[in-house]
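Student: Please find one structure pasted underneath; my questions will follow.
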């Protein structure tokens, strides 16, 4: 069995290092499989309509994607990994956390593999979708790897959101210096790895591919964020320059 990602037991330095190596290998293997596509059952919110389909992770490891079963090139759900707040399973959290229509549509065996992913938009609004993993082992691997990945990418997500205000800019830049070197690198995640990876649906920088029952989700691209910083800071520097000029004139 895969150890729970929520375990709070204190580890020795040696155990921590061994756990780090184990997690790195687990995440690497999961990412390679997920880029190609992993079979699952997806439930459409509100109707409990089930689809045999696949979930994938895009080649930049930023988005968890559920593809449309009729049109594999079309995305049914696009969830930013960094925006994942929690992942529920009936095995850990019980059936009461899940939509009743989804639970009632499943047999006992399928319920054990049921997952619910909860994520937020930039305004903090929460959304969810449900899927059934192929096996108990793949369920445990999904839980551990996605929780680990969403935590690491969530650091960047929180920092860039805080940077939208001028008051948080200096603190954000300082935090970036402390945090960026801590992020775990997933081998082979910097570019296309195969024809299968290249065939993934193309996503715009401000991805808005969400189901009709979801509120539209947008995320600023790095270029847009840079422009926002310039727009916010330019008036500040102009004001500082004007004040210095007035002081210089009065001094004369």
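In the numbering used here, the protein residues as written are 22 to 273. Built from N, CA and C at the ideal position, the CB exists for glycine as well. Predicted, not measured: the structure shown is a model, and the values here were computed from it.
Helix, strand or coil, according to DSSP, for residue 131 in the structure here?
Tutor: Here residue 131 refers to the residue found at position 110 of the chain shown. Correct three-state label for residue 131: helix.
Student: Assign residue 93 to one of three DSSP states: helix, strand, or coil.
Tutor: Within the chain shown, the letter at position 72 stands for residue 93. The answer is coil: DSSP assigns residue 93 none of H, G, I, E or B.
Student: What's the gap between the Cα of residue 159 and the Cα of residue 51?
Tutor: Within the chain shown, numbered from 1, the residue matching residue 159 stands at position 138. Within the chain shown, numbered from 1, the residue matching residue 51 stands at position 30. Cα to Cα, the separation comes out at about 9 Å.
Student: Compare the C-alpha of residue 58 against each of 127, 161 and 85 and name the closest.
Tutor: The sequence position of residue 58 within the chain shown is 37, counting from 1. Answer by Cα proximity: 85.
Student: Can you give me the C-alpha to C-alpha distance between residue 42 and residue 131, rounded to a whole angstrom?
Tutor: Here residue 42 is taken as the residue at index 21 of the chain shown, counted from 1. Here residue 131 is taken as the residue at index 110 of the chain shown, counted from 1. Whole-angstrom Cα-Cα distance: 31 Å.
Student: Could you check whether the Cβ of residue 48 sits closer than 8 Å to any Cβ belonging to chain C?
Tutor: Looking for chain C here will not work: only one protein chain is present.
Student: Taking buried to mean at least 16 other C-beta atoms within 10 Å of its own C-beta, is residue 68 buried or exposed?
Tutor: Looking up residue 68 in the chain shown gives position 47. Label assigned to residue 68: exposed.
Student: Short of 7 Å in beta carbon distance, which residues of its chain neighbour residue 163, apart from the five on each side in sequence? Order them along the chain.
Tutor: On the chain shown, position 142 is the one that residue 163 refers to. Correct list, in chain order: 136 and 154.
Student: So residue 31 is in the beta strand (DSSP E); what residue range does that whole segment cover?
Tutor: In the chain shown, the residue the question calls residue 31 occupies position 10. Taken as a continuous stretch (DSSP letters only), residue 31 belongs to no beta strand (DSSP E), as it is neither H nor E.
Student: Just mark residue 147 as buried or exposed, buried being the case when its beta carbon has 16 or more other beta carbons within 10 Å.
Tutor: Residue numbering aside, residue 147 sits at position 126 when the chain shown is read from its first letter. Its Cβ having fewer than 16 others within 10 Å, residue 147 is exposed.
Student: How about residue 55 and residue 77: do their beta carbons lie closer than 8 Å?
Tutor: Sequence index remark: in the chain shown, residue 55 carries index 34 (1-based). Sequence index remark: in the chain shown, residue 77 carries index 56 (1-based). The answer is yes: Cβ separation under 8 Å.
Student: Does residue 110 come out as helix, strand or coil in the three-state DSSP assignment?
Tutor: Start at 1 with the first residue of the chain shown, and residue 110 comes out as number 89. Strand.
Student: Can you tell me which residues form a DSSP beta bridge with residue 141?
Tutor: Within the chain shown, residue 141 is the residue found at index 120, counting from 1. Answer is 147, bridged to residue 141.
Student: Decide if residue 127 is buried, meaning its Cβ has at least 16 other Cβ atoms within 10 Å, or exposed.
Tutor: By one-based count along the chain shown, residue 127 stands at place 106. Classification for residue 127: buried.
Student: Per DSSP, residue 98 forms a beta bridge with which residues?
Tutor: Start at 1 with the first residue of the chain shown, and residue 98 comes out as number 77. The partner list for residue 98 (beta bridge, DSSP) reads 87.
Student: Which two residues bound the contiguous beta strand (DSSP E) that contains residue 122?
Tutor: Translated into the one-based positions of the chain shown, residue 122 becomes position 101. Residue 122 -> not in any beta strand (DSSP E); alpha helix (DSSP H) instead, spanning 121-125.
Student: Out of 98, 123, 109 and 36, which one is the CA nearest neighbour of residue 165?
Tutor: Counting from 1 along the chain shown, the entry for residue 165 is found at position 144. Measuring from the Cα of residue 165, the nearest candidate turns out to be 109.
Student: Within its chain, find whatever has a CB closer than 8 Å to the CB of residue 139; leave out the 5 residues flanking it on each side and keep chain order.
Tutor: Here residue 139 is taken as the residue at index 118 of the chain shown, counted from 1. Around residue 139: 105, 106, 107, 108, 109, 147, 148 and 149.
Student: Taking a contact to mean a Cβ-Cβ separation below 8 Å, would you say residue 134 touches residue 117 in this structure?
Tutor: One-based indexing of the chain shown puts residue 134 at position 113. One-based indexing of the chain shown puts residue 117 at position 96. Not closer than 8 Å, so no.
Student: Where does residue 65 fall in DSSP's three states?
Tutor: Translated into the one-based positions of the chain shown, residue 65 becomes position 44. Three-state DSSP puts residue 65 in a strand.
Student: With a threshold of 6 Å on Cβ separation, who are the neighbours of residue 151 within its own chain once the five nearest residues in sequence on each side are excluded?
Tutor: As a position in the chain shown, residue 151 is number 130, starting the count at 1. Counting only Cβ-Cβ distances below 6 Å, and skipping sequence neighbours, we find 64, 123 and 137.
Student: Only counting the same chain, and skipping five residues up and downstream in sequence, which positions put a Cβ closer than 8 Å to that of residue 167?
Tutor: Translated into the one-based positions of the chain shown, residue 167 becomes position 146. If we look at residue 167 and ignore the five residues flanking it on each side, its Cβ neighbours are 85, 102, 105, 108 and 138.
Student: With 16 other CB atoms within 10 Å as the buried threshold, where does residue 82 fall?
Tutor: Counting from 1 along the chain shown, the entry for residue 82 is found at position 61. Residue 82 should be labelled buried.
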